[in-house]
Amino acid sequence: MNFKLPNYLKYLFKVYFIGIGIFFLLRCVSFFLNWNLVQAIPEDIRSASLLHSFLLGIRFDTIISTYLLALPFLLLFINDLFFDNKKPLITLTKHLVLVLYLIAFIIAVIDIPYFNHFNYRLTTAALMWVESPVFVVKMVVQEYSYWIFIALLIVLVYTFAKGMKRLSNASFTKNQTINKGLKSLFFLVTAFLLFIGLRGRTDFDKSPLGPPDAYFSDYSITNQMSLNPVFTFLKSALDYKKRHNGDIGLMNDEQAITLSQQFLNREGNEYSPIAKEVIPDSSYPNQPNVVLVMMEGHSAKMMAVNGNEDGCSPFLDSLLKESLYFKHIYSAGIHTHNGILGILNAYPALFERHALKQLPIQRFNNLPRVLKNHGYNNIYFSNHDLEFDNVGGFLTENGFEQLISDRIYPKEKQLSTLGVPDDYMFEFSIPYLNELEKKNKPFLATYMTTSNHIPYHFPENYKRRYESRQLDAFAYADWSLKKFMQMAQKQSWYENTIFVFVADHGWAINPTYDLALSHSHIPLIFYSPKYIPEPKLDTNMGGQIDVFPTLMGLLKLPYVNNTLGLDLLKEHRPYIYFNSDNKIGVIDQKHLYIYRKDGPESFHEYFNSENIIDSFKAKADSMRNYAFAQMQVANYLIRNNKVGKED
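Just so we're aligned, residue 44 is where the sequence shown starts under my numbering, counting upward by one.
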């Protein structure tokens, strides 16, 4: 009896091994680009950890490969058994294989810079910008460091397409004579192998291989690299509907409300269960202006006060000596839209949800609206297009009167798709603030900087100091702030102004965990020689969500606090929580708790990678409940349109 494999099975097995090889090479590229994280693994376990990661990676790659090959396998079997290998169906299937694998490889290549930036594998969180494809493509193309990945993708697509054409032509040239019984046997054996491949394991007593199985070590890099980015992307896509159907489902609404009232010291009112009327014990005869600068990607880890020796933030480092500086502040999330919502509205990020794009746009009882009710004029400055992330629409519905963006700046001053550089935006804004002062009303001027974000482009009047364009972008942003304050000091409104400097998020810099603390640890600085005459270093825990209430305390203005934020000068948090898309971090000055939607929870003495949750169950539960309750309440208020203030 002739047991020679049918041609189509030889073809599919060869495609499988080629695909596994390419996934392996792309994983090697990711490891190489993150070798600094690999070196953090102790030498005595490094080789074993890397080997385990690669072997586990092959299993995740096999899951994706078998999904890609399942339909082609079925089509080619039917064609072989019933249609005697008709050429049209073979041609159709060959093209199907090519397209499916090219899509998979495109996802895998995109994941390489994505992982470098966010410190986790690609998910559908990347699709939050799909409504602005031209903006995103320009941002990528205009960043020189991404050209190597574009080149890699082009070479891979071309080489794979040529190779597959050659393979398919060679695989189906010879006719075979195999009886139907043997064909059926080959089909059953291969189908069984595909079934095992889809599960990722041979042990049928266990559930299929999944994201929790990737967390085999205390080191994030080996855990994350074992995952296949196509797997994580598709897994998150399958979970999308469940995550975006309204309720985030962290806990029961009633339980969350009760706990949050305790945590925030709120009694609520008929409109909102956490609303609280705040009445200061005194007021100013002449209300201060507010200049709020939201700084793009300004990680606290880059500042000298936190041990950084690069010297790329000399201005802010010097300003701390004259300011109220909060050292332990964490961003709501890791995206600019999270920062805008957290800073202006005092609401936390809720996993991957994009609150600025929610329709209909809800009207929050937020900083611009509250100050507007107290007679403030306001204005918002952005370097670039305000349609991106729906920032313009959201801000217009949430209290801002005037928005300045790329539509107003001279075209010749716009260096990239991110518009004008920071220093030009600040310089351009001064006449607007002078005009506001002439109205004899206090004003709120809000800035969202951009220059510390790819694509990095520097104006001619800035002298670069570093080989690293990323470090220079950070240094340029700091230089622009200094230039702005020098201009502001010459204006008549300067003395009666409180300046607030806070980042929208940070960077993932040599992270210890898959949830990078440096991506969320940010500076918060209040500066005003008149209203804050004595510098102070505050070491209490806090977040972006506390900026609005804390500023209201400094302004001594009454308002209804219907947010998740606290006045950090009068209230205390035991922990602060923050989001990294599909993860939640909860932190105090000693411990970090991490909740993963697709992985095990962990508890650490930071910056120690060892998971010690079994020794700190009670505290881990306390930290989890603290975050879950307040995030659930925020979700409850948004779902029920209770984020404003009852009139």
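Each residue gets a CB set at the ideal place from its N, CA and C atoms; glycine is no exception. Owing to the predicted nature of the structure, the values given are computational and were not obtained by experimental measurement.
- Residue 621 places its beta carbon less than 8 Å from that of residue 563.
- Pairing residue 184 with residue 190, the inter-Cα distance amounts to about 7 Å.
- DSSP lists 565 and 585 as the beta-bridge partner residues of residue 372.
- By the neighbour-count definition (other C-beta atoms within 10 Å, threshold 16), residue 676 is a buried residue.
- Under DSSP, residue 459 takes part in a beta bridge, and its partners are 462.
- In the structure shown, residue 334 falls within a strand segment according to DSSP collapsed to helix, strand and coil.
- The beta carbon of residue 242 lies closer than 7 Å to those of 251 and 252 in the same chain, with the five residues before and after it left out.
- Under the three-pair Cβ rule at 8 Å, the region 600 to 618 counts as touching the region 572 to 591.
- Assigned with DSSP and collapsed to three states, residue 122 falls in helix.
- The region 359 to 421 is shown to contain whole alpha helix (DSSP H) runs of 4 or more residues at 379 to 388 and 410 to 416, in chain order.
- Cβ-Cβ distances below 6 Å link residue 500 to 458 and 459 in the same chain, with the five nearest sequence neighbours on each side left out; the list follows chain order.
- Around the beta-carbon of residue 146, fewer than 16 other beta-carbon atoms lie within 10 Å, marking it exposed.
- In the DSSP secondary-structure assignment, residue 81 is not bridged to any residue.
- Going by DSSP, residue 144 is part of the alpha helix (DSSP H) stretching over 130 to 161.
- Beyond the five residues adjoining it in sequence on each side, residue 685 comes within less than 7 Å, by CB distance, of 314 and 315 in the same chain, given in chain order.
- Within the same chain, 172 come within 6 Å of residue 179 by CB-CB distance, once the 5 residues on both sides are set aside.
- Checking the DSSP bridge columns, you'll see residue 543 partnered with 335 and 569.
- Three or more beta-carbon pairs separated by less than 8 Å link the region 346 to 362 to the region 507 to 521, which places the two stretches in contact.
- According to the DSSP assignment, residue 311 belongs to no alpha helix (DSSP H), since it is labelled neither H nor E.
- Shown here, residue 579 sits in a strand according to DSSP, grouped into three states.
- Counting only residues of its own chain and dropping the five nearest sequence neighbours on each side, residue 565 has a CB closer than 6 Å to the CB of 343, 372, 374, 546 and 549.
- Collapsing the DSSP output to three states places residue 186 in coil.
- Residue nearest to residue 408 within the set 394, 384, 401 and 203 is 384 (criterion: CA-CA distance).
- Between the C-alpha atoms of residue 665 and residue 554 there is a straight-line separation of about 25 Å.
- Residue 380 and residue 216 have their C-alpha atoms some 56 Å from each other.
- Following the DSSP letters along the chain, one finds residue 645 inside the beta strand (DSSP E) bounded by residues 645 to 648.
- Counting along the chain, the unbroken alpha helix (DSSP H) around residue 598 starts and ends at 590 to 598.
- Shown here, residue 68 sits in a helix according to DSSP, grouped into three states.
- According to DSSP, residue pairing for residue 491 in a beta bridge involves 337 and 425.
- With fewer than 16 other CB atoms across the displayed protein chains lying within 10 angstroms of its CB, residue 91 is exposed.
- Taking a 10 Å sphere around the C-beta of residue 522, we find 16 or more other C-beta atoms and assign the residue as buried.
- Between the C-alpha atoms of residue 163 and residue 451 there is a straight-line separation of about 37 Å.
- Between the region 428 to 436 and the region 627 to 643, the count of C-beta pairs closer than 8 Å stays below three; the two stretches do not touch.
- For residue 604, the enclosing beta strand (DSSP E) stretches over residues 602 to 604.
- In the DSSP assignment, residue 266 falls within the alpha helix (DSSP H) that extends over 263 to 269.
- In the three-state scheme derived from DSSP, where H, G and I count as helix and E and B as strand, residue 682 is classed as helix.
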